Every structure is written in C-alpha cells, then in structure tokens.
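Numbering (full-length UniProt numbering), first residue to last: 1 to 561.
Next up, the structure:
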C-alpha cells in the first residue's frame, strides 16, 4: 500500500470486473479516479454523434454516482490526456498510473505517449485487459504470430487457449475506506461531468437507452432472469423490425465498457451448465461475444483495418462516388420504405437490429448503390450508440463482400425481407408516418398503389415520398456481375479470409441453381450443431435450401445481443 495512484477511466466505465482499478486499490494508499474528456482525441478517433455523446455523459454521471456511494469521487477534466495528466501527476505527487489496455490503433498510440510521459516523470504504469475476453496478443501468438482470419481458425485457437480469465472481484465501500480518494474541500464542482449544453451539443429526442453501468446491469439481469430465453436464444430468429428490441440490447453498454463482456460470458456459462440443451455458437448469445472477439483480434493486427486502401485482407473495389445517392441513403430518402424506416430509426434512436443493419449495408454497397463500405461505416460510426472500431469495420467489409463473406450473390431484397416478419408494416408506420395510412398491401411498395389509393392515404409517391431511386433487380444483377469480376481478378486476396468449411457450397451442399440471377430474398434459419470452440463440428449437418437459408452473419458495429 505504497503508491499514490491515478486510475484513468477511458472505456471500462464500470466498477465490476475492473482489474486495473482493483490493482490500484490493492497497491496504493490513495487512488484518484480520473476521466479526461479529451474531445480532440475522441472526435479524431471516431465520429461521435449527439446521441453517443449523451450516452457517454450519462455513463460518466452514473459512474460518478457509483463512486460517490463508495466514498470516492470521479475527477472529470477537459483537455488533452498528456497535458491534464502531466499537471495532475505533479499536483498530486502521483507514483502510479493504471488503466485498461485497448487494442485500437489510436489507443495504442495514446498508451505509448502516456508511458513515455510516466517514464519521464518516474511514474509506474500498470494496465490490464478488460474490454475483451482474451488478451488478443495471446490469440495471435497462439496462431503463429498472425491473426486467425476465419472464424473456424479462430475457434481452433481458442480451443488451445481454453476459457478466458474469470472476472475481477467487485469494488466495494470497504476498498475506498482502506484506500482513500482525497477530496479538496469546496472544489468538487469543478470536477463534475459537463452537460451537453456545456459542450455545445443539442439533442432533442427521447432517451431510450440511458447510459451507465447501473442501467446496463439492470438490462442484463432482466434477460438473465429468463433462463429459458437465454438457453434457446438464436440470433437469426430474432425479428429485425419489431417495435421493441428482440435481442438483449446490451451492445451500447459493452461498447463503452459499462458492462463487462467477461462477466456476461461466465453468467451465460453458468446458465448453460444447468441446461441439457442450449443454442450454440455462432447463433447463441455466447456466439455473439465470440464474433466480437474475432473482429477485435483481426483488427488489432491488420493495417488500415477501417479502410480499403492499404488493407491487405480487403478487396480493392472501384466503388461509385455518388454523393447524392449516399445522401439519399443516409437521410432515408431512397424510396424503399423498409430501408428508409431503418435509417430513420438509426438517426432517431442510435440503435437498429443487426439484420436491419445488414439490409441497409447490403443496399448501400454490393446490393444496389455500389457505394464504398467506408462511407456506410462512417455513418454508422456517427449515429450508433454501440459504434465500435473493430466490429463496425469488420462487418461492413463482411456485408459488402470485401472480406470474410463470400456468398456475394446473396442479396437482401429491400421489399420482401422486411415484409416477411412485419406484413402489416407497423414498423414502417412508426418510423415513416408519411406512409402510415397506406394499406398493408402497398406499404412496402407504395409506388405500385393506384393514384386514388395514394390520395386517400394522403401521400402521393414522387411528391410526398420519393420514388425508388433504383430498379433493385437491374442494379443487383449488374453489381453481382461486377463483384464476380473483382473476385476473379483478386482471388488471392479473397482466399485470405475464406475457409472451405465456411462455405457449404464447397462441401457438397450446393443445390442446382435455376439461373445466375441474385437472390431477391434473404433469411437466416441456420442451426449449427457445433460445440463451443470446436471447429471440427462447426459446419456439419447444415440444411441448405438456397431459397431460404444462409450462413450465419455476424452483427454490424457493436450490436452483439
């Protein structure tokens, strides 16, 4: 108990499973919990929209309340990390700095700068892995120094490593009674969390996803209570256009580290252990966590992971540069109600179901508009509460068939896909009220409604709501041909992220196709009987009806549950 320590919160905005903070408390006489609100760093690393700013500030307020309940205080200061910490280290006679290890390149660069600063000032640095299940460096080392680029290979490596570390103990009032947080009398106010107004940020929509550890834990407990739902959870069976989330909705809390992914993983393991039968990866809840881990691992060791140029695993595609088309997609003006409703929900709420993310991503890239996945990634990064460097980029590459996913002829229909799970269009009526009076028969294709029906509904297509911006069948056929050519010319790159066992077409399950037109329907009913971490069983017994079934797709951005 000799150190005077600053514990630096970045992500990991929680008191459960926070091993670096536990280490600080157990090795120090005083600990100062600090959050540096470095706007230049945050906004320079990832686009951050108003809803995510609100979620971050709420999460900081929640953390501040939790620390106060334990007799401590969260010191929130604005400025650059290096300038603020240099001042605090000298002002408080700090001898140790602790923080969570992160894998993104902007965090690793920041860590280098902080370590150099601490070396200059004679301060010890202690950091722990807490945002992922494993130290991704261990996974890469176990794979011969390279990241496993297929899910099958990834599971094989995990089977060698075994289970992840168990979560750290919870932090209690007694911890801060033994290891005090010095509080300067009368100066607590200057360390408070700033308001949105203080930052010049305006948000005028309802809070549907309150930020913070306490809210994340409540949401987690609500789902864990229903053990039958947990053991039978199958991601492809959830509904993309339900009016309330049909998944757990925990992804925003994992993204900022308000919830521990390791704690969640072991809670699930305990429930699975009590059940004779339960869903398995990749469709199970634990499977969602493993997809997240897969993309974190690949992203940590792949140069330019969020870009096409200079990215060694990404196909180099001559996407169209069409700002007008991109703007129509971003602002929900494509003329396809299913696509526009999803993009409206995204902007208003900061969350959409993973299959809805798939639909709009496919539409923007290889399905209809042939616009770069990087542009879509930036939009998701700005609007999603669960925006995540690794998972967002990985899945945009996946859905654009630029890497990881190789069934490029499978294309979402922007009409039929949504109508299958919501034939009356209740989702469309909520997010596109201009169409709310259309009969169910026409609401997914309002341009096909007779003029008298449009007039009765109070919405004339082409005037009150746009006509479809493309002919889906024509452009999807053209884009499929373009993608076929790209993959033929860049076969070596395509093979980097492809495993024969990842594609049932390569293991004798291909059904004879009547023609080479892209499918205009897309659903996910896959049931895989693989065991956790067992690549040998992963791809057996796949019923493969190409009219209705497809390989399991992971989630876009951080939407894991």
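Cβ coordinates follow ideal geometry from the N, Cα and C atoms, glycine included.
A quick note: this is a predicted structure, and the numbers were derived from the prediction, not measured.
C-alpha gap between residue i and residue j, whole angstroms
i           : j           : result
residue 455 : residue 367 : 32 Å
residue 159 : residue 410 : 31 Å
residue 441 : residue 334 : 20 Å
residue 29  : residue 371 : 56 Å
residue 534 : residue 205 : With a pLDDT of 49 at residue 534, under the threshold of 50, the predicted position of this residue should be treated as unreliable, though the coordinate-derived value follows. Each residue's Cα considered, the two are about 45 Å apart.
residue 11  : residue 63  : 12 Å
residue 360 : residue 86  : 45 Å
residue 405 : residue 480 : 14 Å
residue 202 : residue 48  : 13 Å
residue 120 : residue 110 : 15 Å
residue 98  : residue 400 : 39 Å
residue 52  : residue 384 : 7 Å
residue 265 : residue 125 : 28 Å
residue 287 : residue 293 : 10 Å
residue 199 : residue 37  : 11 Å
residue 422 : residue 260 : 34 Å
residue 179 : residue 32  : 10 Å
residue 498 : residue 478 : 24 Å
residue 157 : residue 146 : 11 Å
residue 134 : residue 164 : 6 Å
residue 291 : residue 299 : 12 Å
residue 428 : residue 464 : 15 Å
residue 61  : residue 386 : 18 Å
residue 27  : residue 20  : 11 Å
residue 218 : residue 460 : 45 Å
residue 213 : residue 68  : 14 Å
residue 22  : residue 380 : 34 Å
residue 112 : residue 271 : 40 Å
residue 148 : residue 187 : 50 Å
residue 349 : residue 208 : 7 Å
Where residue i falls: helix, strand or coil (DSSP)
i           : result
residue 10  : coil
residue 465 : strand
residue 99  : strand
residue 334 : coil
residue 30  : strand
residue 493 : helix
residue 16  : coil
residue 540 : Legend: pLDDT at residue 540 = 30, less than 50; position of this residue unreliable, value from coordinates given subsequently. Residue 540 falls in the coil class under three-state DSSP.
residue 498 : coil
residue 444 : coil
residue 187 : coil
residue 318 : coil
residue 307 : coil
residue 328 : helix
residue 180 : strand
residue 5   : strand
residue 438 : coil
residue 89  : helix
residue 195 : coil
residue 425 : coil
residue 94  : coil
residue 471 : coil
residue 291 : helix
residue 598 : This structure cannot speak to residue 598, because the chain is shown only from 1 to 561.
residue 286 : helix
residue 23  : helix
residue 433 : helix
residue 263 : helix
Nearest-angstrom beta carbon gap, residue j and residue i [assumed within contact, 8 Å]
i           : j           : result
residue 193 : residue 88  : With a Cβ gap of about 17 Å, residue 193 and residue 88 do not count as contacting.
residue 39  : residue 171 : That belief does not hold up - the Cβ atoms of residue 39 and residue 171 are roughly 28 Å apart, past 8 Å.
residue 476 : residue 388 : That belief does not hold up - the Cβ atoms of residue 476 and residue 388 are roughly 29 Å apart, past 8 Å.
residue 308 : residue 408 : About 16 Å; that fails the 8 Å criterion.
residue 268 : residue 285 : 6 Å
residue 432 : residue 341 : 5 Å
residue 59  : residue 13  : 5 Å
residue 94  : residue 136 : Not really, about 29 Å apart at Cβ, beyond 8 Å.
residue 41  : residue 81  : 6 Å
residue 337 : residue 444 : 6 Å
**Prompt:** Residue ranges of each beta strand (DSSP E) run of no fewer than 3 residues wholly in the region 101-178, ordered along the chain?
**Reply:** 124-129
**Asked** Would you say the region 343-354 touches the region 315-322, given that touching needs at least three Cβ pairs under 8 Å?
**Response** The region 343-354 is not in contact with the region 315-322.
**Message:** Which runs of the alpha helix (DSSP H) at least 4 residues long sit entirely within the region 341-417? Give them in chain order.
**Reply:** 354-362, 373-383, 389-399
**Request:** Count the CB pairs spanning the region 2-10 and the region 142-159 that are closer than 8 Å, and state whether there are at least three.
**Result:** no
**Message:** Could you check whether the region 305-315 touches the region 327-344, counting it as contact only if at least three pairs of C-beta atoms, one from each stretch, sit closer than 8 Å?
**Reply:** Because the criterion of three Cβ pairs below 8 Å is not met, the region 305-315 and the region 327-344 do not touch.
**Request:** Say whether the region 431-448 touches the region 390-401, bearing in mind that this needs 3 or more beta-carbon pairs closer than 8 Å, one atom from each stretch.
**Result:** Fewer than three beta-carbon pairs drawn from the region 431-448 and the region 390-401 are found closer than 8 Å, and the two stretches are therefore not classed as touching.
**Asked** Which full runs of the alpha helix (DSSP H) of 4+ residues lie inside the region 30-79, going along the chain?
**Response** 39-45, 50-69
**Asked** With contact counted as at least three CB pairs below 8 Å, one residue from each stretch, are the region 66-84 and the region 183-192 in contact?
**Response** yes
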